[in-house]
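Trainee: Can you keep this structure in mind? I'll have questions shortly.
In our numbering, the protein residues as written are 789 to 936.
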């Protein structure tokens, strides 16, 4: 039996997928990436012949995002991320969707975990709006949100 798809309801627009710091979306986000990888443990031996063999090792995850710099006091702007980085505290991160393009209230969380800020950059081009980038390194499990 053929499966039918509806591009209007089955796909998620990139503009609807946001990185939330706690319950607050990353301020003025332009793009975001969630990367999950697993180390490979080499198990190659004489019985492997001409091919490498391996086992899956530990899993790690990172989130990177580019966003615009704002002076507005928000829970998820450059200054609050900088304060968290200086404090060395893990922050709650959720990758989720928003149903409303103006309110940015999370409609559905997809993945969540705790992460440390591993890099934070402020960019100021001559003819550009000042922008920022942040890289977050997961600490512990990245959890698929139930019902997502």
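Don't be surprised by glycine CBs; every beta carbon is placed ideally from N, CA and C.
Identify whether residue 855 lies in helix, strand or coil by the three-state DSSP scheme.
Mentor: Reduced to three states, the DSSP call for residue 855 is strand.
Trainee: Closest to residue 882 by CA distance: which of 901, 867, 871 is it?
Mentor: Of the listed residues, the one whose Cα sits closest to residue 882 is 901.
Trainee: Which residues in the same chain have their Cβ closer than 8 Å to the Cβ of residue 813, if we skip the five residues on either side of it in sequence?
Mentor: Here the set comprises 806, 807, 864, 886, 892, 894.
Trainee: Determine the burial state of residue 829: buried for a count of at least 16 other Cβ atoms within 10 Å of its Cβ, exposed for fewer.
Mentor: With fewer than 16 other Cβ atoms within 10 Å, it is exposed.
Trainee: Where does residue 837 fall in DSSP's three states?
Mentor: Reduced to three states, the DSSP call for residue 837 is coil.
Trainee: Return helix, strand or coil for residue 871, following the three-state DSSP convention.
Mentor: DSSP places residue 871 in helix when its eight states are reduced to three.
Trainee: Do you know how far the Cα of residue 849 is from the Cα of residue 939?
Mentor: Since the displayed the chain opens at 789 and closes at 936, residue 939 lies outside it and no answer follows.
Trainee: Can you pull the DSSP bridge partners for residue 897?
Mentor: Note: residue 897 sits in a beta bridge opposite 884.
Trainee: Whole angstroms are fine: how far does the CA of residue 852 sit from the CA of residue 918?
Mentor: Rounded to the nearest angstrom, the two C-alpha atoms are 17 Å apart.
Trainee: Tell me residue 926's beta-bridge partners as DSSP assigns them.
Mentor: Residue 926 is bridged to 903.
Trainee: Indicate whether residue 904 and residue 925 have their beta-carbon atoms separated by less than 8 Å.
Mentor: The answer is yes: Cβ separation under 8 Å.
Trainee: Could you check which residue in 831, 801, 795 has the C-alpha nearest to that of residue 839?
Mentor: Residue 831 is the option with its Cα nearest to residue 839.
Trainee: Going by other Cβ atoms of all chains shown within 10 Å of its Cβ, with 16 needed for buried, is residue 884 buried or exposed?
Mentor: The residue in question, residue 884, is buried, as its Cβ has 16 or more Cβ neighbours within 10 Å.
Trainee: So residue 870 and residue 817 are in contact, right, with Cβ under 8 Å, and what is the actual spacing, rounded?
Mentor: Between residue 817 and residue 870 the Cβ distance is about 17 Å, and since that is not below 8 Å, they are no contact.
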